[in-house]
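In what follows, a structure is listed as structure tokens, so that the remarks can point back to it.
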Amino acid sequence: MRNKEATRLQRKWIRAAVQAAGLTVAATLLVGFPSYAGSPWETAAVKMSLQNEMNAAVADLEDNAQDIGEIFISTNAARGAAGLQPLALDGQMCLLACMRAEDLGISFSHIRPDGTEGMDLLSWTDQPATNAWGENIAAGQEDGTAVVTAWLNSSGHRANILSPAYTRIGIGVSGGHYVQLFSN
Numbered sequence: 009m010r011n012k013e014a015t016r017l018q019r020k021w022i023r024a025a026v027q028a029a030g031l032t033v034a035a036t037l038l039v040g041f042p043s044y045a046g047s048p049w050e051t052a053a054v055k056m057s058l059q060n061e062m063n064a065a066v067a068d069l070e071d072n073a074q075d076i077g078e079i080f081i082s083t084n085a086a087r088g089a090a091g092l093q094p095l096a097l098d099g100q101m102c103l104l105a106c107m108r109a110e111d112l113g114i115s116f117s118h119i120r121p122d123g124t125e126g127m128d129l130l131s132w133t134d135q136p137a138t139n140a141w142g143e144n145i146a147a148g149q150e151d152g153t154a155v156v157t158a159w160l161n162s163s164g165h166r167a168n169i170l171s172p173a174y175t176r177i178g179i180g181v182s183g184g185h186y187v188q189l190f191s192n
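The opening position of the sequence shown corresponds to residue 9 in the numbering used here, with each subsequent residue numbered one higher.
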């Protein structure tokens, strides 16, 4: 019973943290949006498109906080069992991971529908440049715990989860698609 209560409290805390991160990160990312060398109208259109993507990602963070919490807890449990430090949940990376999960509904690939790599989104954060990054994607599992189990049963995905090079994680869920972004 004590473990269930601790897990319930962890999930409640994670849900609140993810929701707060999603609501504040969208503005941070939009202000820091890379400059666009188009006309003012083109720049405004690009920023509006990005804002629409971020609004959808914030909604995904709020709607899928339970799965995000399960993925976070299960991932760090696997790392702990392997003697590794837990990953820190990064709000900006969670928002970007939700954007990636939405991309997967269009094209299930590590390449985004616009032709860029999924990890290119990390350049939008205010974090220092990273020299270690990874991405796990999945679809069709019933919940966050099931998707981590599937990833741990795949050598490439397991290597990302258990990499000692990573210190931060972003988790996104949208329409049955799951994403983990890893960075140092």
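By construction, the Cβ of each residue, glycine as well, lies at the ideal position given by its N, Cα and C atoms.
So is residue 85 buried or exposed if we call it buried at 16+ other beta carbons inside 10 Å?
One-based indexing of the sequence shown puts residue 85 at position 77. That one is exposed.
Sequence-distant residues of the same chain with beta carbon closer than 8 Å to residue 115, five excluded per side:
Taking the first residue of the sequence shown as position 1, residue 115 is located at position 107. So the list reads 121, once near-sequence residues are dropped.
Going by Cα to Cα distance, which pick from 190, 87, 80 and 81 is closest to residue 139?
As a working note, residue 139 is residue 131 in the sequence shown. For residue 139, the nearest C-alpha among the options comes from 190.
Could you tell me the distance, in whole angstroms, from the CA atom of residue 192 to the CA atom of residue 172?
As a first step, residue 192 is located in the sequence shown; it is residue number 184 there, counting from the start. As a first step, residue 172 is located in the sequence shown; it is residue number 164 there, counting from the start. Approximately 9 Å between the Cα atoms of the pair.
Looking at the structure shown, is residue 184 part of a helix, part of a strand, or coil, going by DSSP?
Here residue 184 is taken as the residue at index 176 of the sequence shown, counted from 1. Correct three-state label for residue 184: coil.
Closer than 6 Å by C-beta to residue 187: which residues in its own chain qualify, once you throw out the five before and the five after it? Chain order, please.
By 1-based counting over the sequence shown, the position of residue 187 is 179. Cβ within range, chain order: 105, 108, 109, 145 and 180.
Taking the beta carbon of residue 168 as the centre, do at least 16 other beta carbons fall within 10 Å, making it buried, or is it exposed?
Along the sequence shown, one-based indexing puts residue 168 at 160. Looking at its Cβ environment, which holds 16 or more other Cβ atoms inside 10 Å, residue 168 is buried.
Quick check on the burial criterion: 16 or more other C-beta atoms within 10 angstroms. Buried or exposed for residue 100?
Taking the first residue of the sequence shown as position 1, residue 100 is located at position 92. It counts as buried.
Would you decide whether residue 178 is buried or exposed? Buried here means 16 or more other CB atoms lie within 10 Å of its CB.
Working through the sequence shown from its first residue, we reach residue 178 at position 170. Residue 178 is buried by the Cβ-count criterion.
When 147, 95 and 157 are compared against residue 8, the one with the closest alpha-carbon:
What the structure shows of the chain is the stretch from 9 to 192, and residue 8 is not part of that stretch, so it cannot be assessed.
Checking 7 Å against the spacing of the C-beta atoms, do residue 156 and residue 79 come in under that value?
Numbered from its first residue, the sequence shown carries residue 156 at position 148. Numbered from its first residue, the sequence shown carries residue 79 at position 71. It is a contact, given that the beta carbons lie within the stated cut-off.
Quick check on the burial criterion: 16 or more other C-beta atoms within 10 angstroms. Buried or exposed for residue 98?
As a position in the sequence shown, residue 98 is number 90, starting the count at 1. So residue 98 ends up on the buried side.
Is there a Cβ from chain C that is less than 7 Å from the Cβ of residue 190?
Absent from the structure: chain C. Only one protein chain is present.
Does the Cβ-Cβ distance between residue 170 and residue 96 come in under 7 Å?
Position 162 of the sequence shown holds residue 170. Position 88 of the sequence shown holds residue 96. No, these two residues do not count as a Cβ contact at 7 Å.
Indicate whether residue 183 and residue 113 have their beta-carbon atoms separated by less than 7 Å.
Residue 183 sits at position 175 when you count from the first residue of the sequence shown. Residue 113 sits at position 105 when you count from the first residue of the sequence shown. In this structure, residue 113 lies closer than 7 Å to residue 183 by Cβ.
Excluding five sequence neighbours on each side, which residues of the same chain lie with their C-beta closer than 6 Å to the C-beta of residue 72?
Indexing the sequence shown from 1 puts residue 72 at position 64. Excluding residues within five positions, the ones whose Cβ falls inside 6 Å are 181.
What is the DSSP secondary structure of residue 119, counted as helix, strand or coil?
In the sequence shown, residue 119 corresponds to position 111, counting from 1. If DSSP states are grouped into helix, strand and coil, residue 119 belongs with the strands.
Using the beta-carbon count (16 or more within 10 Å), is residue 128 buried or exposed?
As a first step, residue 128 is located in the sequence shown; it is residue number 120 there, counting from the start. Burial call: exposed.
Give me whichever residues DSSP pairs with residue 191 in a beta bridge.
Against the sequence shown, residue 191 aligns to sequence position 183. In DSSP, residue 191 forms a bridge with 141 and 176.
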